[in-house]
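Just so you know, the protein sequences line up as chains A and H, in that order.
Take the first sequence: its position 147, counted from the start at 1, is 147 in the working numbering, and no numbers get skipped.
Take the second sequence: its position 97, counted from the start at 1, is 97 in the working numbering, and no numbers get skipped.
Virtual Cβ for every residue (Gly too), placed ideally from N, Cα, C.
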Amino acid sequence: MAVKTFSQIDAYAGAPEKKYTLFMLMLGFIALMVGTLFGPLQSFNYGGLDLYPFLKPVFQSYYQGLTLHGVLNAIIFTQLFGQAIMVYLPARELGLRPNMTLAWISFWMALIGLLIAAVPLLGNAASVLYTFYPPLKAHWAFYVGAAIFVLSSYVSIYLVLEMWSRWKKDNPGKITPLATYMSVTYWLMWLLASLGLVVEALFLIVWSLGLVTGVDPLLMRTLFWYTGHPIVYFWLLPAYALAYTTLPRLAGGKLISDPLSRLVFLLFLLFSVPVGFHHQFADPGIAPYWKMIHTILTMMVAVPSLITAFTIAASLENAGRSNGGKGWFGWIAALPWNNPTVLAFLLGFLAFIPGGAGGMVNASFNLNQNIHNTVWIPGHFHLQVGTLVTMAAMGTAFWLIPHLTGKPLVARGMALASQWLWFLGMFVMTFALHWMGFLYAIPRRTHISGSPISMEAYRESSAWMVLNIVSGVILLVAAILFFYVLYATALQSRRDPSQVMAEVPFTQVISKPEGSSLARLTERVWFWFGVAVLLVVLAYGPVLFQMFTNMNPVPGQRLW
Amino acid sequence: MEHNEHIVERYERAWIFFGLGMIVVFILLIGYLMVANRGTIPIGAGRVDATQVRTQGDFANPRVEQVGNEYVVYVQAFSFGYLPTEIRVKAGRKVTFKITSPDVQHGFQIERTNINPQVIPGEIVQVSHTFRQPGEYRIICNEYCGIGHANMISKIIVEP
């Protein structure tokens with residue numbers, strides 16, 4: 001027994017950052033599991049099937065369930081995944097250890113923030129959905145908990161910048177390794193992007209404590225969407241970083257271009273933030289020409305994703321041909337579809353293509369008028385964050401948790417099945433939601449199954465509604481399979497280092513950064529950060545100045 | 001191998017230029033349509049004190065007002081309904097909606113049209129539309145506004 005205890009303690013003794021990463025990751029997946037279990041209930045709602053009356057003793061309404069679904073999946077899970085991946089990748093790549101005291105402080109801040117916010121969420125005192133638009137007013141603990149949770153990401157920013165500067169000092173004049181470059185630009189983007197949410201949280205905390213009677217709803221919306229659009233890149237970029245730095249190797253090939261991959265992350269640093277008005281096309285109080293400026297910048301932020309589509313596809317082709325694939329399509333069949341990680345990324349990227357095209361529709365001022373706040377919108381982002389981001393996380397967990405713990409993956413067949421079913425369920429659901437929003441103007445986040453008026457009004461879309469029920473069932477099965485694999489792997493007592501990847505599978509590249517003028521140009525990170533700040537000041541400054549100096553406060557309401 | 005790499009780089013460059021070209025076309029189209037359909041673009045038409053909306057000013061008396069050959073409709077969107085409860089207009093005439101809320105945010109989407117503004121308390125939003133086809137058009141609240149949100153559906157009757 002003594003030996004076993006010793007080996008348990010020893011499992012992370014040489015690499016405490018592994019334990020930190022595992023804890024962040026598992027906390028994120030626990031949040032995802034609770035949030036995801038509410039997912040089928042939303043699907044059934046849009047199929048006209050209301051299961052909420054059966055949950056009544058515990059959960060009071062559809063809107064409480066929807067708030068939990070949105071907050072846990074889109075805010076909690078995504079940030080924790082970023083804090084795990086985008087700290088661990090540079091630590092491994094540079095061979096440096098982050099400051100472990102601060103790393104654990106960030107974990108505890110995230111956990112405590114989450115628990116504080118959970119109390120009003122579970123008590124139906126914060127059923128304001130994950131956009132929490134004032135004047136709907138939640139309990140103060142919701143805003144305080146969310147703020148502590150988000151501030152824990154600032155510790156992660158420091159952890160990565162500190163490791164990077166340590167590496168720079170030891171390697172003067174060298175180009176930052178790729179995964180670290182991605183991580184640094186990612187955290188700097190978030191530093192700039194999160195400011196809106198932080199300022200909004202200050203207003204909401206003061207307001208919810210009763211120290212002021214009202215807040216300006218338009219200003220709060222503007223601050224929310226200042227962060228609310230770049231936050232989607234905050235969710236997405238860990239998936240991109242894994243796709244660039246590990247997927248080609250896992251698929252059996254090489255990344256085609258290192259400098260171009262840097263350019264992608266640099267473009268995200270520049271263009272992620274000054275685009276928020278495209279969520280406010282429908283708002284009064286922002287002049288149409290400002291909306292047009294943000295439209296143009298939004299279109300620019302499509303460029304790095306278009307480059308990614310090419311680079312990842314070309315790298316996968318390189319992998320398929322290295323595996324012996326021939327001809328126009330033979331390389332696709334030659335990819336390792338039986339590797340659950342590769343499968344998750346392949347299917348995730350496949351869903352990302354129509355998702356990206358739909359995003360261009362949302363960003364187009366005029367087309368947006370047809371689909372603003374309809375179920376088209378959740379249809380769109382379930383292809384993006386619900387499919388690519390989540391599948392990249394699930395797929396990565398299949399090798400990362402064994403790598404961190406030394407415990408081999410359990411039930412590989414179930415892991416594969418979970419990804420196929422997740423992809424299928426999401427495709428069916430999002431297909432139905434896009435059409436229901438576009439053709440029948442069915443509103444998003446609406447408890448239609450509990451309202452005879454709604455069900456009468458939307459009866460023409462009943463054929464599409466059936467697809468929602470089908471997708472809800474498929475996704476529930478997919479989630480059960482995935483979480484079984486996850487917990488069975490992480491909680492088993494068997495550790496077998498010979499069956500797990502000892503190192504992060506960093507990919508090799510064909511076009512190297514050395515000697516590339518593009519790589520040199522992108523290396524001036526602080527200069528580009530300054531440009532990003534300037535773009536934000538130009539795109540937001542005058543509007544925000546005007547809003548801050550002309551506030552029109554409105555008192556809070558609790559209407560749920 | 002060296003040869004193949006350069007082919008990839010050429011395709012890559014072509015793809016980036018294709019992408020940029022596509023985006024330029026989109027931006028030009030959006031700009032053109034914004035000017036061509038400007039009536040449906042939501043604009044601000046002043047601000048109000050949300051706590052006074054029910055008792056003072058134009059929105060305390062929600063109504064359809066005929067101004068010459070056009071209509072101006074003052075709409076109060078509240079949890080959970082719209083005032084006036086029924087809007088009647090004639091086809092082929094321009095209808096300008098001015099909308100605000102006395103409580104929380106709401107939507108005002110008119111099905112089968114491009115009318116879909118965000119209604120924000122404290123702000124008056126204005127959009128206009130000319131209904132060509134007579135008939136009934138549903139008005140749908142598409143912003144979560146509380147427990148009765150799903151019941152917040154009204155209608156416009158367009159007479160020939």
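Which residue from H:54, H:132 and H:123 puts its Cα closest to that of residue 44 of chain H?
Nearest option by C-alpha distance: H:123.
Measuring only the C-alpha atoms, how far is residue 197 of chain A from residue 220 of chain A?
Annotation: residue 197 of chain A to residue 220 of chain A spans about 9 Å, alpha carbon to alpha carbon.
If you check the beta carbons only, do residue 149 of chain A and residue 123 of chain A fall under 7 Å apart?
Against a cut-off of 7 Å, the Cβ pair of residue 123 of chain A and residue 149 of chain A comes out as no contact.
Straight-line Cα distance separating residue 35 of chain A from residue 254 of chain A:
About 36 Å.
What residues in the segment 53-80 of chain H bring their beta carbon closer than 7 Å to a beta carbon of chain A?
Correct list: 79.
Interface residues of chain A facing residue 83 of chain H [CB-CB closer than 8 Å]
Per Cβ cutoff of 8 Å: no residues; residue 83 of chain H is ~17 Å from chain A at best.
Based on DSSP bridge pairs, tell me the residues matched to residue 557 of chain A.
In the DSSP output, where bridge partners are listed per residue, residue 557 of chain A has A:136.
Collapsed DSSP secondary structure at residue 129 of chain H in the structure displayed:
Of the three classes helix, strand and coil, the one that applies to residue 129 of chain H here is strand, per DSSP.
Give the straight-line distance between the Cα atoms of residue 7 of chain A and residue 401 of chain A, rounded to the nearest whole angstrom.
Legend: pLDDT at residue 7 of chain A = 48, less than 50; position of this residue unreliable, value from coordinates given subsequently. The alpha-carbon atoms of residue 7 of chain A and residue 401 of chain A are separated by roughly 18 Å.
Under 8 Å by beta carbon: chain A residues contacting residue 30 of chain H:
The contacting residues are 292, 295, 364, 365 and 366.
For residue 50 of chain H, which option in H:102, H:15 and H:109 has the closest C-alpha, if you only look at C-alpha atoms?
Across the set H:102, H:15 and H:109, the C-alpha of H:102 shows the shortest separation from the C-alpha of residue 50 of chain H.
Helix, strand or coil, according to DSSP, for residue 593 of chain A in the structure here?
Lying before the first or after the last residue shown, residue 593 of chain A is absent from chain A, which here runs from 1 to 560.
Starting from the C-beta of residue 223 of chain A, find all residues in its chain whose C-beta is less than 6 Å away, skip the five residues before and the five after it, and write them out in chain order.
Hits under 6 Å: 196, 199 and 200.
How about residue 98 of chain A and residue 159 of chain A: do their beta carbons lie closer than 7 Å?
Taking 7 Å as the Cβ cut-off, residue 98 of chain A and residue 159 of chain A qualify as a contacting pair.
Which residues does DSSP pair with residue 98 of chain H in a beta bridge?
As a beta-bridge residue in DSSP terms, residue 98 of chain H pairs with H:74 and H:126.
Using a C-beta to C-beta distance shorter than 7 Å, which residues of chain A count as neighbours of residue 107 of chain H?
Going along chain A in sequence order, the residues near residue 107 of chain H (Cβ under 7 Å) are 373 and 443.
In angstroms, rounded to a whole number, what distance separates the CA positions of residue 233 of chain A and residue 91 of chain H?
The alpha-carbon atoms of residue 233 of chain A and residue 91 of chain H are separated by roughly 45 Å.
Mind listing the chain H neighbours of residue 283 of chain A? Cutoff is C-beta to C-beta under 7 Å, in chain order.
Among the residues of chain H, those whose CB is under 7 Å from the CB of residue 283 of chain A are 42, 118 and 120, following chain order.
Which term fits residue 115 of chain A, buried or exposed, when burial requires 16 or more other beta carbons within 10 angstroms of its beta carbon?
Counting C-beta atoms within 10 angstroms of its own C-beta, residue 115 of chain A has fewer than 16 neighbours from the protein chains shown and is therefore classed as exposed.
Residue(s) in a DSSP beta bridge with residue 511 of chain A
In the DSSP assignment, the residues bridged to residue 511 of chain A are A:257.
State the start and end residues of the unbroken beta strand (DSSP E) segment that holds residue 83 of chain H.
Residue 83 of chain H: member of the beta strand (DSSP E) spanning 81-83, first to last residue.
Within 10 Å of its beta-carbon, does residue 55 of chain H have 16 or more other beta-carbons around it, so buried, or fewer, so exposed?
Classification for residue 55 of chain H: exposed.
Residue 169 of chain A bridges to which residues according to DSSP?
Beta-bridge partners assigned by DSSP to residue 169 of chain A: none are found.
Using alpha carbons as the reference points, say which of A:552, A:39 and A:444 lies closest to residue 69 of chain A.
Selected option, being the one with the closest Cα: A:39.
Would you call the segment 475-489 of chain A and the segment 433-448 of chain A in contact, with 3 or more CB pairs under 8 Å?
Below 8 Å, too few C-beta pairs join the segment 475-489 of chain A and the segment 433-448 of chain A to call them touching: fewer than three.
Residue burial classification, residue 545 of chain A (beta-carbon count within 10 angstroms, cutoff 16):
When all chains shown are included, residue 545 of chain A counts as exposed.
For residue 303 of chain A, return the contacting residues in chain H, with the cut-off set at a CB-CB distance below 8 Å.
Those within 8 Å of residue 303 of chain A in chain H are 16, 19, 20 and 23.
Express the C-alpha separation of residue 539 of chain A and residue 339 of chain A in angstroms, rounding to a whole number.
Distance from the CA of residue 339 of chain A to the CA of residue 539 of chain A, rounded to the nearest whole angstrom, comes to 44 Å.
Among all the DSSP beta bridges, which residues are the ones paired with residue 110 of chain H?
Residue 110 of chain H pairs with H:139.
DSSP puts residue 374 of chain A in a beta bridge; with which residues?
Bridge partners of residue 374 of chain A: A:443.
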